[in-house]
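Numbering (the numbering used here), first residue to last: 28 to 518. Don't be surprised by glycine CBs; every beta carbon is placed ideally from N, CA and C.
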């Protein structure tokens, strides 16, 4: 392995790890805001307890996401300096706005939410979490606009003299066709992840409280089990609705992807030979590639489905990997651009794209199916204690989270060998002065640090889940509070 391969591994490890927390942050901030708003509107003590309970879990996740996200900025300068030099003029604006507007919005109003109990009017206090949620969405928008430029460059001119892409139309970058479909797809996927965490935690707590009450001979309806059941059902409903949004936006995204990156769609299916119009390209549920990687043998397939995903027509034409490789070699190989001339093959790793595409879809569908079953079992005020609910509670949060991760692995590896599609290959973006030893050292340090942070995250999360929602304690009226009293952390 050379420095480029190691730099790619390091960025993959840190990025995938960071993105484990991002969708949970976006999704849970909305649900916590809903719980808090429900408390303000009804003053039902269950809503306040749920808002504080899941707010605590949200804060643990937010802190880890914040810490791991900072590392991403370092790597642009450490391992990818040539890439940073090339896209710096494009990325500077959206990433600066993300930091100065969206992130500061999140952090400022999250602080107000944490320390504002009994200090600011309750409606304003509930609004602060909604502003936090808006901040997470804005943050996602600006970051995705930068990533969408990598998938489909727009709003720029290429200066051959300086070897840099120069921004000419910032609005075009923000309204990139890839961005406009990727953003809602990612947000719906984040709602799925956050809601699945709420559903899983609430299911576990509901089952525990139900068994405890039954063992003590108490009336289950008088305990906390109904409160957790309510939270579980809300999580299940949001998961299902978000899954529908993911499916619809994903369908549109597939057609845009076929238009701007046909190789990625062909790689997602391991489609080596082009399928002409009127025939219909099948979608394989299971496929086995040849040993030399020259073709794939479909075992289970759905006729015409790939054509529909790619074109919206079950008989639509779909370009294959072999024809696209020849086209890209003619188009880019002879361009004379030193940033693309080093590409070999112009195709990504086919097994990676094939399986991550299916894992993304399959895990998301599994989460939606479990949510539907949970809604059925908890209908009419039921608080079931089936043993499989314990497994559902533990596994369900991981399904959409992993689906998110596999989706991003597919998106980024499917673009290879490009860093910026059609403009810059991965091999030309790595820092020329960074040695193999330096990359190994930083990758080892980051990996060990992330492993330690994972232990802290899991222990804190499980501790507060086991502890459950705190007993009801109404917030103090701000008018009755001593203004000279020191600030105290709400939890």
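Notebook entry, point to check: Which whole runs of the beta strand (DSSP E) in the stretch 132–219 are 3 residues long or more, in chain order?
Noted result: 183–186, 191–194
Notebook entry, point to check: If we count the other Cβ atoms within 10 Å of its Cβ and call it buried at 16 or more, is residue 154 buried or exposed?
Noted result: Reading the chain shown from its first residue, position 127 is the one you call residue 154. Result: buried.
Notebook entry, point to check: Mind checking whether residue 152 and residue 56 have CB atoms under 9 Å apart?
Noted result: Residue mapping note: residue 152 aligns to position 125 of the chain shown, counting from 1. Residue mapping note: residue 56 aligns to position 29 of the chain shown, counting from 1. No, the Cβ-Cβ distance between residue 152 and residue 56 is not below 9 Å.
Checklist line | Residue environment, residue 414, which counts as buried when at least 16 other CB atoms sit within 10 Å | finding: Indexing the chain shown from 1 puts residue 414 at position 387. Exposed, by the Cβ-count rule.
Notebook entry, point to check: Looking at residue 81 and residue 225, is the spacing between their C-beta atoms short of 9 Å?
Noted result: Numbered from 1 along the chain shown, position 198 holds the residue referred to as residue 225. Numbered from 1 along the chain shown, position 54 holds the residue referred to as residue 81. Yes, Cβ-Cβ distance for residue 225 and residue 81 is below 9 Å.
Notebook entry, point to check: For the beta strand (DSSP E) that residue 421 lies in, which residues bound it at each end?
Noted result: Residue 421 sits at position 394 when you count from the first residue of the chain shown. Taken as a continuous stretch (DSSP letters only), residue 421 belongs to no beta strand (DSSP E), being part of the alpha helix (DSSP H) at 414–422.
Note to self: Report the CB separation of residue 13 from residue 496 in whole angstroms; it is logged as a contact under 8 Å.
What the structure shows: What the structure shows of the chain is the stretch from 28 to 518, and residue 13 is not part of that stretch, so it cannot be assessed.
Margin query: Cutting at 8 Å between CB atoms, please list the residues of its own chain near residue 136, excluding the five before and the five after it.
Written below: For this step, residue 136 is matched to residue 109 along the chain shown. Once the five neighbours on either side are set aside, the close Cβ partners of residue 136 are 155, 156, 158, 159, 162.
Margin query: Please report the straight-line C-alpha distance between residue 461 and residue 105, rounded to a whole angstrom.
Written below: Locating residue 461 in the chain shown gives position 434, counting from the first residue. Locating residue 105 in the chain shown gives position 78, counting from the first residue. Answer to the nearest angstrom: the Cα atoms are 8 Å apart.
Note to self: Taking DSSP's pairing of strands, which residues face residue 311 in a bridge?
What the structure shows: Reading the chain shown from its first residue, position 284 is the one you call residue 311. Partner(s): 328.
Note to self: Please tell me whether residue 304 and residue 399 are closer than 9 Å, where the distance is taken between their beta carbons.
What the structure shows: Position 277 of the chain shown holds residue 304. Position 372 of the chain shown holds residue 399. For residue 304 and residue 399, no; Cβs fall outside 9 Å.
Margin query: In this structure, how does DSSP classify residue 440 when only helix, strand and coil are distinguished?
Written below: Along the chain shown, one-based indexing puts residue 440 at 413. Helix, per DSSP.
Notebook entry, point to check: For residue 48, does the count of other Cβ atoms within 10 angstroms reach 16, so buried, or fall short, so exposed?
Noted result: Residue numbering aside, residue 48 sits at position 21 when the chain shown is read from its first letter. Buried is the call here.
Next item on the list: Taking 9 Å as the cut-off, decide whether the C-beta atoms of residue 113 and residue 192 are in contact.
Entry: Here residue 113 refers to the residue found at position 86 when the chain shown is read from its first residue. Here residue 192 refers to the residue found at position 165 when the chain shown is read from its first residue. Yes, Cβ-Cβ distance for residue 113 and residue 192 is below 9 Å.
Notebook entry, point to check: Cβ of residue 492 within 9 Å of Cβ of residue 228?
Noted result: Translated into positions along the chain shown, residue 492 becomes position 465. Translated into positions along the chain shown, residue 228 becomes position 201. It is a contact, given that the beta carbons lie within the stated cut-off.
Next item on the list: Kindly indicate which three-state DSSP category residue 452 falls into: helix, strand or coil?
Entry: The residue you call residue 452 lines up with position 425 of the chain shown. DSSP places residue 452 in strand when its eight states are reduced to three.
Next item on the list: Tell me whether residue 446 sits in a helix, a strand or coil according to DSSP, three-state version.
Entry: As a first step, residue 446 is located in the chain shown; it is residue number 419 there, counting from the start. It is a strand residue.
Margin query: Which same chain residues end up closer than 6 Å to residue 87 when comparing Cβ atoms and leaving out the 5 residues on each side of it in sequence?
Written below: To locate residue 87, count along the chain shown from 1; it is residue 60. Hits under 6 Å: 487, 488.
Check: Within this structure, are the beta carbons of residue 221 and residue 436 separated by less than 9 Å?
Finding: Taking the first residue of the chain shown as 1, we reach residue 221 at position 194. Taking the first residue of the chain shown as 1, we reach residue 436 at position 409. No, Cβ-Cβ distance for residue 221 and residue 436 is not below 9 Å.
Checklist line | Residues bridged to residue 302 [DSSP beta-bridge criterion] | finding: Residue 302 sits at position 275 when you count from the first residue of the chain shown. Paired residue(s): 345.
Next item on the list: Specify, as a first and last residue, the run of the alpha helix (DSSP H) that residue 256 falls within.
Entry: The sequence position of residue 256 within the chain shown is 229, counting from 1. Counting along the chain, the alpha helix (DSSP H) containing residue 256 begins and ends at 252–287.
Next item on the list: Tell me where the alpha helix (DSSP H) around residue 502 begins and ends.
Entry: In the chain shown, residue 502 corresponds to position 475, counting from 1. Taken as a continuous stretch (DSSP letters only), residue 502 belongs to no alpha helix (DSSP H), as it is neither H nor E.
Check: Around the C-beta of residue 208, are 16 or more other C-beta atoms found within 10 angstroms, so that it is buried, or is it exposed?
Finding: Mapped onto the chain shown, residue 208 falls at position 181. Per the 10 Å Cβ criterion, buried.
Next item on the list: Could you tell me the boundaries of the alpha helix (DSSP H) in which residue 477 lies?
Entry: As a working mapping, residue 477 is identified with position 450 in the chain shown. Where residue 477 is concerned, the enclosing alpha helix (DSSP H) stretches over 463–494.
Note to self: Going by C-alpha to C-alpha distance, which of 107, 166, 109, 118 sits closest to residue 17?
What the structure shows: Nothing in the structure corresponds to residue 17, since the chain is present only between 28 and 518.
Next item on the list: Could you name the residues of the same chain whose beta carbon sits closer than 8 Å to that of residue 95, not counting the 5 residues immediately before and after it, in chain order?
Entry: Here residue 95 corresponds to residue number 68 of the chain shown, with the count starting at 1. 41, 44, 45, 48, 477, 480.
Check: residue 34 lies in the alpha helix (DSSP H); which residues open and close that run?
Finding: Here residue 34 refers to the residue found at position 7 of the chain shown. 30–46 is the extent of the alpha helix (DSSP H) around residue 34.
Checklist line | Nearest-angstrom Cα separation, counted from residue 296 out to residue 328 | finding: Residue numbering aside, residue 328 sits at position 301 when the chain shown is read from its first letter. Residue numbering aside, residue 296 sits at position 269 when the chain shown is read from its first letter. Roughly 10 Å between the two C-alpha positions.
Check: Between residue 376 and residue 294, what straight-line distance do the alpha-carbon atoms span, to the nearest angstrom?
Finding: Taking the first residue of the chain shown as 1, we reach residue 376 at position 349. Taking the first residue of the chain shown as 1, we reach residue 294 at position 267. As the crow flies, the alpha-carbon of residue 376 is around 8 Å from that of residue 294.
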